[in-house]
Amino acid sequence: MDPRKRYGTGSIFLNNNNLRILDTQMLDAIGKPLTSLMSSFLYWSISLGGNPWHCDCRIHPIAALYSVSDIRTWFAALGRMFIGLMCKTPPNLKGQPGLLHQNLSDFVCNITDSCPSGCLCQEQPEADRMVINCQNAGLGEMPERLPFHEKLFLNFQNNSIRILPEFPYMSRIVHLDISENYLTNISPEFASSADKLKYLKLANNRLKYLPETIQNLRSAEIDLSNNLLICSCDTLWLKEWFETKPHIINRSNITCSTASDAQRITIDDLQPDEFNCRVNCNYKHCVGYIMFSAHSVNYWHYLLPVRDNGVISYLYLT
Numbered sequence: 001m002d003p004r005k006r007y008g009t010g011s012i013f014l015n016n017n018n019l020r021i022l023d024t025q026m027l028d029a030i031g032k033p034l035t036s037l038m039s040s041f042l043y044w045s046i047s048l049g050g051n052p053w054h055c056d057c058r059i060h061p062i063a064a065l066y067s068v069s070d071i072r073t074w075f076a077a078l079g080r081m082f083i084g085l086m087c088k089t090p091p092n093l094k095g096q097p098g099l100l101h102q103n104l105s106d107f108v109c110n111i112t113d114s115c116p117s118g119c120l121c122q123e124q125p126e127a128d129r130m131v132i133n134c135q136n137a138g139l140g141e142m143p144e145r146l147p148f149h150e151k152l153f154l155n156f157q158n159n160s161i162r163i164l165p166e167f168p169y170m171s172r173i174v175h176l177d178i179s180e181n182y183l184t185n186i187s188p189e190f191a192s193s194a195d196k197l198k199y200l201k202l203a204n205n206r207l208k209y210l211p212e213t214i215q216n217l218r219s220a221e222i223d224l225s226n227n228l229l230i231c232s233c234d235t236l237w238l239k240e241w242f243e244t245k246p247h248i249i250n251r252s253n254i255t256c257s258t259a260s261d262a263q264r265i266t267i268d269d270l271q272p273d274e275f276n277c278r279v280n281c282n283y284k285h286c287v288g289y290i291m292f293s294a295h296s297v298n299y300w301h302y303l304l305p306v307r308d309n310g311v312i313s314y315l316y317l318t
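Structural data, given as structure tokens:
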């Protein structure tokens, strides 16, 4: 077939068979995009009535094309080409004219391959995403495999997950809600690989420490509220991170306490000079640390250089 030519007129009658799926993905597989096919067979009619059509994500490309007003006014081809296509399933679309249905977000596919037990995995082409809803699924750990999609929206709320590891699909996560779990550990590699992440909800877990690599999530909105963060020399970097990270939400509920003090303070109110911190570093790292400290004159008055076996240390004096 020459995509530069138009064929027809002609008619194809497929009425009253047992056809269920109208899948345009096969056109991409043979290198004939849907728009090219429709242009070439503009004056053909394909009768599809009397079939038990299942209207899911595979019908979305045709319905989306017809929803474009410029195409609809240019020609009513879909009304001619695909005559009588009425949805029988799913139940919410029964009796609807599949190609004229206005709410394109209704055309979805429930995916079972690699979908964790107790979860709903749904491809939503109108939003260009795969939604994986594992809320209240009784999971004790993150699944190693998930259905493939370039944009994953994950809901793992209210399970018993203790560790947020690094798996290959982490680089495709756009949205992750893992609140209301038992998280005590986040893999440093997770934060390094999740470069598409735009939303991360870690609220209501048992996190005491965070990997410093979480700072790599520069464009993500992050909720860390109601965890068990510890105030210590190892977590002082959180203060600077909060000052430069506007997308951290629910800040008033993000608190920490010292190991010996039950009183909790917000990270925003954390005062680094309240801790007697000894910073071990080589010369290169110490220079960087001193340059950072120059931004706060107060720090210069509290740093005492100490050399021990060739290693320079700086001791806070209070």
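Under full-length UniProt numbering, think of the first position of the sequence shown as 1, with each following residue one higher. Heads up, the beta-carbon is just placed ideally off N, CA and C, and yes, glycines get one too.
As an exercise, report each continuous alpha helix (DSSP H) stretch of at least 4 residues that is fully enclosed by the UniProt domain "LRRCT" (227-278), in chain order. 237-244
Between the CA atoms of W241 and P165 - distance to the nearest angstrom: 22 Å
If we ignore side chains and look at the alpha-carbon of each, how far apart do G118 and Q271 end up? 45 Å
Closest residue to G50 among K196, L65, I83, A262 (Cα-Cα distance): I83
Residues of its chain near Q157, where Cβ-Cβ distance is below 6 Å and the 5 sequence neighbours each way are ignored: Q135, D177, S179, E180
Find the nearest neighbour of F190 within the set P246, T266, L210, N103, judged by alpha-carbon distance. L210
Three-state secondary structure (DSSP) at E221? strand
How many angstroms separate the CA atom of L85 from the CA atom of H175? 36 Å
Any beta carbon from chain D within less than 7 Å of K208's own beta carbon? Annotation note: the requested chain D is absent from the structure, which comprises a single protein chain.
Is the separation between the beta-carbon of F107 and that of I59 shorter than 7 Å? yes
Pull up the distance between the alpha-carbon of L146 and that of C121, whole angstroms please. 9 Å
Mind checking which residues open and close the beta strand (DSSP E) that includes E123? 120-124
Whole-number beta carbon distance between L217 and A194, since they are thought to touch under 8 Å: 7 Å
Please go through the same chain and pick out, in chain order, the residues whose beta-carbon is closer than 7 Å to the beta-carbon of S192, but skip the five residues on each side of it. T213, N216
Thinking C-alpha only, which one of Q263, C233, M170 is nearest K198? M170
Would a C-beta distance cut-off of 7 Å place C63 and L19 closer than the cut-off? According to the sequence displayed, residue 63 carries Ala and not Cys. Contact flag unset, no.
Report the CB separation of K201 from D223 in whole angstroms; it is logged as a contact under 8 Å. 5 Å
So within the segment 151-209, which uninterrupted beta strand (DSSP E) runs reach at least 3 residues, ignoring any that extend past its ends? 152-155, 173-177, 199-201
Measure the alpha-carbon distance for Q124 versus N185 and round it to whole angstroms. 32 Å
Taking N250 as the reference, which of R264, N92, S225 has the closest Cα? S225
Do P168 and P143 have their CB atoms nearer than 7 Å? no
What residues match up with residue 323 in a beta bridge as DSSP calls it? One cannot answer for residue 323 here, as it falls past the ends of the chain, which runs 1 to 318.
Taking all protein chains shown into account, do 16 or more other C-beta atoms lie within 10 angstroms of the C-beta of N159, making it buried, or fewer, making it exposed? buried
Would you list the residues sitting across from G10 in a DSSP beta bridge? W44
Continuous alpha helix (DSSP H) stretch holding I62: start and end: 60-67
Nearest residue (CA-CA) to E141, options R129, R162, T24: R162
With distances taken from CA atoms, which of T255, P97, P188, W237 is nearest H54? P97
If I'm right that I267 touches L228 with Cβ under 8 Å, what's the distance once you round it to whole angstroms? The pair is not a contact, with the Cβ atoms about 13 Å apart (cut-off 8 Å).
What separation, rounded to the nearest whole angstrom, lies between the Cα atoms of E150 and Q263? 44 Å
Relative to the alpha-carbon of L99, which residue among N110, C231, D56, S11 has its alpha-carbon at the smallest distance? D56
Under the three-state reduction of DSSP, which class applies to H285: helix, strand or coil? Since pLDDT at H285 reaches only 42, below the 50 mark, its modelled position is unreliable, and no value is offered.
So what's P21 in DSSP terms, helix, strand or just coil? According to the sequence shown, residue 21 is Ile rather than Pro. Of the three classes helix, strand and coil, the one that applies to I21 here is coil, per DSSP.
Closest to E126 by CA distance: which of S67, P90, T255 is it? S67
Please classify N205 as buried or exposed, where buried requires at least 16 other C-beta atoms within 10 Å of its C-beta. buried
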